[in-house]
Structure formats: structure tokens, C-alpha cells
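Quick note: the sequence shown uses the UniProt record's numbering, first residue 1, plus one each step.
Have a look at the structure below before the remarks.
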Amino acid sequence: MYAADELLTQSGVRVNVFERLPTPYGLVRAGVAPDHQNTKRVTRLFDEVSRSPGFTFYLNVEVGSDVSHSELLAHHHAVVYAVGAPNDRRLDVDGMGLPGTGTATEMVAWINGHPEYTDLPVTLEHERVVLVGNGNVALDVARILTTDPDALARTDIADHALAALRQSKVNEVVIAARRGPAQSAFTLPELIGLTSTCDVVLDATDQALVQADLATAEDPLIRNKLEVLSKLGDASVPATRPQIRLAYRLTPARILGTALVSGIDFTVTGSDRICHLDAGLVLTSIGYRGKAIRDLPFDDVAAVIPNDGGRVIDPQTAQPVPGSYVAGWIKRGPNGFIGTNKSCAAETVQSVVDDYNAGLLTAPRTRPHALAKLVRSRRPDVVNAAGWRAIDEAEIKRGGGRRPRDKFTSVADMLAVAAAAPTPPFTQRMLAGFCH
Ligand code: NAP
1 MYAADELLTQ
11 SGVRVNVFER
21 LPTPYGLVRA
31 GVAPDHQNTK
41 RVTRLFDEVS
51 RSPGFTFYLN
61 VEVGSDVSHS
71 ELLAHHHAVV
81 YAVGAPNDRR
91 LDVDGMGLPG
101 TGTATEMVAW
111 INGHPEYTDL
121 PVTLEHERVV
131 LVGNGNVALD
141 VARILTTDPD
151 ALARTDIADH
161 ALAALRQSKV
171 NEVVIAARRG
181 PAQSAFTLPE
191 LIGLTSTCDV
201 VLDATDQALV
211 QADLATAEDP
221 LIRNKLEVLS
231 KLGDASVPAT
241 RPQIRLAYRL
251 TPARILGTAL
261 VSGIDFTVTG
271 SDRICHLDAG
281 LVLTSIGYRG
291 KAIRDLPFDD
301 VAAVIPNDGG
311 RVIDPQTAQP
321 VPGSYVAGWI
331 KRGPNGFIGT
341 NKSCAAETVQ
351 SVVDDYNAGL
361 LTAPRTRPHA
371 LAKLVRSRRP
381 DVVNAAGWRA
391 IDEAEIKRGG
401 GRRPRDKFTS
411 VADMLAVAAA
421 APTPPFTQRM
431 LAGFCH
């Protein structure tokens, strides 16, 4: 959406945005935690962009199966892939895959009502959950698991997640990092946000590690994080409500259990010593991973599409792949804040504009309406901006003023609402034109 916004600042440009779900905005809708409504507010800007002249949504259309890369290219000067990093990095230890193991990224999708994760088996029967990795995603999941469900009920958390959290027996979430406090992957604002809303504690060993790092750390950002960590509560004090324990220097060794997870063994990093934790749910939170796109090159190690300033590069020839661009996590890997994607998209759009001005882009072979006709022939239930607005309004209405929205979590329900949306007269005229 940032790339679309940037492109539409150029006069005469038309932008078509494709998305495989009937709802747009990807990670903002399905990845940002429901109690971070301020962050989700960026969708207001995206809604504004989607109302710009020259903008068209093709939602509920999957690129790669419903339409191919070459078909898109034939209908446009350029195609920009901003598909994010939908997979997660896998932890290769014995026991991963047992019922009761999973990934924080799946859990986040379940919490946010992503239609493909509604049936995720989430076990909240045991008093302890362990998260492996201590990035911001781990903090998000730990916060949701320990927050009072009545507070979450005022967010747009999925109904199924709220119901499960109301029954939860979890009273401790351990966030286990393989390195020390100074190398914590979470960011300072997120740590401050966590400590201001949840009980976050350290045991004596980890408090000593924080003090040792504080004695040597020079980087002011790291020092600030360590200062916050040094003021955390003591894990040995009995808890009165669910709490989060940050644990350090724990390298995952194996997950234990037979039919269901019973715990996890770590080695104390740099030693052979085993540290065991009982748990009923072990979630890895060790980063997202990009996925290859059919007909485009892929760097399997970095899990990104090889590119130079957003221009897709063919590794065989080291030359740009004509008309093909990337922006966001599929371009630079899964890092940074939502806003990082604005400058990332601006760089890509500059490459598109430079290539257009240099005469390197092939003009579409067809008139714009031919694309709408092609898409409709493949996906008669394509959702346009009016359809999305109908879904959006229906969700807000279902929230009943008590919540920002109550999300639809089934594609069929979304499509039913979109299909009932009144078609704007202009679109009706255009469609009538296409059919003859
Ligand atoms: P991340 O920040 O890259 O953190 C990954 C964590 O996994 C690190 O602690 C890393 O430890 C650990 N790890 C990696 N491989 C491991 C292994 N084999 N065994 C044990 N631990 C391992 O990833 P993320 O939390 O998924 O976040 C992705 C991006 O989204 C980040 O840029 C994050 O800031 C951003 N994000 C932001 C927000 C927000 O602003 N509110 C919310 C969510 C996500 P090492 O450091 O030792 O490798």
C-alpha cells in the first residue's frame, strides 16, 4: 500500500493491487497484535490510498494460480511484489511437530482471525508456555497470553482466541533467548510497553547476567534496554496474576513428550549443562521466512527475491528481470517496523520510475478493461473496493461500539458480505462494457 501511495503521486499512473484474501492490508490486519490498535491505524492511510483515482483492488485473487506473473506483466508496465514473508523459520530439534508445539507466527495469525488459522490447535491447559526466541513477536504473544481477557475483549482479537484465553490455565510464559540480555532481539519501546502492562520478571541467574552486561555495555540503546531489565521483578516472589519471565543463555536441545508436549530441554549456551522446563505449549518465535514466487528467482538462504534497489535480479545473468520489482520483507528480509516499509517502497518506486523514464518498461499489450475481464473469468468472486468496504463496515458494526471491529474469520462469510455490496454505478457501466 505504501508502494501504491508512492506510485500514485506520479501523474497518470494507475495501480492495481492484488491480494489472495478478500481483505487487504496483510500483516497490519493479521500480524500486528490486537492490543496495538494505534499501530493498526495506518489502515486509515491505506483506505485513503485505495480511494485515490487510478487505484483498483483485485482481492480474493491469487497471483501464481489465478493469474500468472507473465499475464500480469502483459497487462502492466511493471509488477511490484510486496508479499511479505508468510512462512516462519523452523527450529530443527527433536520433538518439534508434537501436538503442543507450534510457531508464534501461527499463533499471531490465530489471535488475529486469519481465516487459514482458525482451527489451529492451541493448548492452554498447562500452567506454563515456553517461547523460544525473544524478538518483538515473542513479546506480542507473551503479552496476549498473560493479559486479562476482559481487556482483550475491547480489541479486535478473534472471538475463538478470546474464548480460549478465557479458559486458559497459563500463569507463566517463559521467553527463552539463546544469547544474553545485551543481545535481546526485542526493541526498547516494545520492552517498555510490555513492562507497563504485564508483570515481567527475571530469576537470580538472569538478573546477574543483566548486571554483568550492564558493567560492560557501551552502546546507549543496549544500555537503555539493560537498565529496564535491571528493574524487573524477582521471579522467586509468588505471582498474583499470570506473568512473563525473560530467560537467557538457553539453547533449545529437544522437546519432550509422547502424545503431547510435556516440556523442553535447553543447554545452557556454551556448556553441556541441561536446563529443563515443564510446559504444555512450546512455540518457536525465531523469525519469519520469505516464500518463493512462481516464475521469479529466489535466494533460498536469505529467503528473499534477489534484487537491487527493488529491481528483481536474475542471479544467472546478474541482469534485472524486466518489469519485475519487490518491496517490503520479500525484498529485504523480515525486519523493521511497519513504517520501515514506507522508505523501502519509495526506493522501489524510484527504480520503477527511473526504468520507465529510461524506456526500459514494455507498455501493456491490452487496454485496462481487458485485465478486469481476465480476472473475472478466472475468479468470478473477485472482491473490489466496494466489496472490501462492505466487509469493513459489517465488521465494525458487529463490534457494536465495544470493540474496533469483530472480524469475519471465514472467507465464505467475507465473500457473502462483499457480494451483497451495492456496485457503484460507474463500475456497473464499466462491467456492462466488458461483457460485450
Ligand atoms: P527477530 O526480531 O528476528 O527475533 C528472532 C529471535 O529468534 C532472536 O531472539 C533470535 O536469537 C532467535 N533465534 C533465531 N534462530 C534461533 C534458533 N535456531 N534457536 C534459538 N533462537 C533463535 O524476529 P521476530 O520477533 O519474528 O520479529 C520480526 C520483525 O518484526 C522484527 O524486525 C521485529 O522488530 C518486527 N516486529 C515489530 C513489532 C513491533 O514493533 N511491535 C512487533 C512484531 C514484530 P539471536 O538473536 O540469537 O539470533
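No residue lacks a Cβ here, since even glycine has one placed at the ideal position from N, Cα and C.
Rounded C-alpha distance that separates residue i from residue j
i           : j    : result
E71         : V83  : 18 Å
G400        : D159 : 14 Å
V237        : V129 : 19 Å
T216        : L229 : 15 Å
W388        : A416 : 11 Å
D381        : A78  : 25 Å
A394        : V383 : 15 Å
residue 486 : N341 : Missing from the structure shown is residue 486; the chain here goes from 1 to 436 and no further.
Y325        : T23  : 23 Å
F408        : D219 : 45 Å
G359        : T366 : 18 Å
R14         : D5   : 11 Å
P189        : G54  : 38 Å
D92         : V201 : 28 Å
H436        : L371 : A caution first: H436 carries a pLDDT of 33, below 50, which makes its placement in the model unreliable, though a value can still be read off. Cα to Cα, H436 sits roughly 15 Å from L371.
L165        : L152 : 9 Å
V63         : L209 : 49 Å
L214        : T205 : 14 Å
Proximal residues to residue i (C-beta, below 6 Å), its chain only, five neighbours per side dropped
i           : result
I222        : A182
N87         : R289, K291
D150        : none
D199        : Q243
residue 467 : Here the chain covers residues 1 to 436 and nothing more, so residue 467 does not appear.
P121        : none
A390        : V417, A418, A421
D94         : R254
Contact check, residue i vs residue j, beta carbons under 9 Å
i           : j    : result
residue 481 : L232 : Because the chain in this structure spans residues 1 to 436, residue 481 falls outside the shown range and cannot be described.
V67         : S285 : no
R241        : D314 : no
R245        : D308 : no
A176        : G133 : yes
V80         : A292 : no
W329        : A104 : no
G102        : L283 : yes
D355        : P320 : yes
G323        : S351 : no
R405        : D392 : yes
A253        : D234 : no
V170        : L277 : no
V411        : L21  : yes
H69         : R398 : no
R154        : T269 : no
Neighbourhood of residue i by C-beta, 7 Å cutoff - its chain only, sequence neighbours within 5 removed
i    : result
R379 : N60, V61, D66
I157 : P34, I111
T39  : V32, I338
V173 : V129, L131, A142, L145, T146, I244
N42  : It should be noted that the sequence gives Val, not Asn, for residue 42. Closer than 7 Å at the Cβ level, and outside the excluded window around V42, lie V28, I338.
S50  : F57, A385
Bounding residues of the beta strand (DSSP E) (the contiguous stretch that carries residue i)
i    : result
F266 : 261-268
G257 : 250-257
G323 : 319-326
V349 : Per DSSP, V349 belongs to no beta strand (DSSP E); it is in the alpha helix (DSSP H), 340-357.
T103 : 101-103
N16  : 15-19
V312 : 311-314
I244 : 243-247
Selected residue, minimal CA-CA separation from residue i, among the options
i    : options                : result
T180 : G64, A163, K225        : Per the sequence presented here, residue 180 reads as Gly, with Thr not at that position. Nearest of G64, A163, K225 to G180, Cα basis: K225.
L250 : E227, L256, C275       : C275
N16  : A385, R402, P422       : A385
E19  : V13, R29, G263, L281   : R29
R403 : P24, R14, A345, Q37    : Q37
T118 : T258, R273, M107       : M107
A363 : V261, V411, H76        : H76
G12  : G26, L120, S52         : S52
R90  : P322, A235, G287, V411 : G287
K331 : V261, A318, G323, D299 : D299
T9   : A346, R254, P368       : A346
A109 : A253, D47, D140, V312  : D140
Same chain, Cβ closer than 8 Å to residue i, five either side skipped, listed in chain order
i    : result
G333 : A85, G290, A302, A303, V304
V167 : Looking at the sequence shown, residue 167 is not Val but Gln. Excluding residues within five positions, the ones whose Cβ falls inside 8 Å are L124.
L45  : M1, D5
Element boundaries [alpha helix (DSSP H), containing residue i]
i           : result
E71         : 69-75
V170        : Careful: V170 lies outside any alpha helix (DSSP H) and carries neither H nor E.
residue 442 : Since the first residue of the chain shown is 1 and the last is 436, residue 442 is not available in this structure.
L27         : 26-30
A279        : No alpha helix (DSSP H) contains A279, which DSSP labels as neither H nor E.
V417        : 411-419
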